[in-house]
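> If you scroll down you'll find the structure; I have some questions about it.
Numbering (this note's numbering), first residue to last: 12 to 376.
Take a look at the structure:
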């Protein structure tokens with residue numbers, strides 16, 4: 012069967028590879044689930060892997076099948092699979108267990124191991140292929156009503172984990188009722204994080220670099236958030252009127268925005284960092300003032316990577332609620348489909364030049 016793969020360490024090596032079709036018997040203990048892939052979303056992670064910034068092939072292979080935002084339909088199940096049946100729509104989680112205590116209790120996204128296993132990213136093949144096989148433990152059922160938007164679940168889980176972590180941390184306060192939130196970045200992740208915060212009743216301001224007319228700004232306002240273009244108004248200026256913020260969700264990939272976010276966070280607030288900032292950028296910041304305000308204001312900054320099964324399940328619930336409250340909103344994020352695995356060049360051309368795309372995805376089904 013076909014798969015879209017890269018040669019880790021070789022920039023621009025994306026190509027079509029061949030894999031043997033898997034079988035439910037490939038998973039031990041009769042827990043295998045064979046999934047026919049219907050859609051796979053792509054993002055900056057796939058672009059960076061193709062640029063050889065990171066990514067490692069599984070043992071025994073010189074290539075890595077990419078794609079970690081999968082959506083598919085169960086084709087067959089092994090005898091000991093308890094809650095999935097052929098025909099069910101599903102999404103598989105991304106991270107797989109290592110050896111740490113956290114891996115042993117199902118929190119492999121919090122692993123302390125130096126080596127980690129992520130489908131489509133590191134040491135495990137991903138979902139940009141015709142079929143995959145997986146243990147039922149890592150497969151999440153998607154309701155029929157989310158069939159058209161199920162491919163958004165994996166990026167949704169990044170928002171879910173970060174925001175859940177913020178609430179978990181703030182249990183230290185006994186009573187924490189955040190009212191105002193800021194989201195840094197108005198791409199796919201920023202839109203989904205804004206949606207999650209709005210579903211929780213927060214007043215949300217989302218910051219982005221693109222001037223209107225801008226579909227993303229219209230989508231933000233459709234869920235009751237506001238959009239601020241940072242080319243026209245700085246983050247600190249907007250925060251002086253609209254903040255300070257009880258929760259800031261940062262997903263821009265810019266370290267400069269991280270430090271700006273620290274300065275607009277309110278007392279007892281949480282800043283959630285989800286973006287990877289590669290490179291060696293140097294900045295001049297008011298370090299003493301930032302430190303002073305964090306200490307005196309009991310502020311928290313936390314990094315959040317990947318997601319657990321719980322985050323996938325809460326993501327399904329929030330997506331279901333979103334479909335009820337804002338019918339059709341999530342479908343508008345699926346702006347740029349590419350037909351079939353043979354279209355891999357077009358898929359990566361669009362990743363390199365998004366031209367207004369929100370979510371680029373490969374349509375297989």
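The C-beta atom is built at its ideal place from N, Cα and C for all residues, glycine as well.
Judging by CA-CA distance, which residue of 48, 175, 38 is the nearest neighbour of residue 161?
Per the Cα distances, 48.
> For the alpha helix (DSSP H) containing residue 164, name the first residue and the last one.
From DSSP, the alpha helix (DSSP H) with residue 164 extends over 164-180.
> When you compare only the Cα positions, how much space is there between residue 74 and residue 68?
Computed Cα separation, rounded: 5 Å.
> Suppose you measure from the CA of residue 377 to the CA of residue 213; what does that come to, to the nearest Å?
Residue 377 falls outside the range modelled here, since the chain spans only 12 to 376, and no answer is possible.
> Can you give me the C-alpha to C-alpha distance between residue 332 and residue 21, rounded to a whole angstrom?
Rounded to whole angstroms, residue 332 to residue 21 spans 43 Å at the Cα level.
> Based on Cα-Cα distance, which residue from 111, 311, 114 lies nearest to residue 273?
Checking every option, the nearest Cα to that of residue 273 belongs to 311.
> Which residue comes first and which comes last in the beta strand (DSSP E) that contains residue 258?
Unbroken beta strand (DSSP E) run through residue 258: 256-261.
> Going by other Cβ atoms of all chains shown within 10 Å of its Cβ, with 16 needed for buried, is residue 132 buried or exposed?
Label assigned to residue 132: buried.
> Would the segment 219-227 and the segment 271-288 be scored as touching if the rule is three or more Cβ pairs under 8 Å?
These segments do not touch.
> Would you mind giving the Cβ-Cβ distance between residue 85 and residue 101, rounded to the nearest angstrom? I have them listed as a contact below 8 Å.
Rounded, the Cβ-Cβ distance is 6 Å, consistent with contact.
> For the beta strand (DSSP E) that contains residue 238, what are its first and last residues?
Unbroken beta strand (DSSP E) run through residue 238: 237-240.
> What does the alpha-carbon distance come out to for the pair residue 308 and residue 292?
Taking the straight line joining both Cα atoms gives about 28 Å.
> Could you pull out every residue in the same chain whose Cβ sits closer than 6 Å to the Cβ of residue 122, ignoring the five residues on either side in sequence?
Excluding residues within five positions, the ones whose Cβ falls inside 6 Å are 109, 111, 113, 114.
> Sort out for me which residues DSSP pairs residue 347 with in a bridge.
In DSSP, residue 347 forms a bridge with 371.
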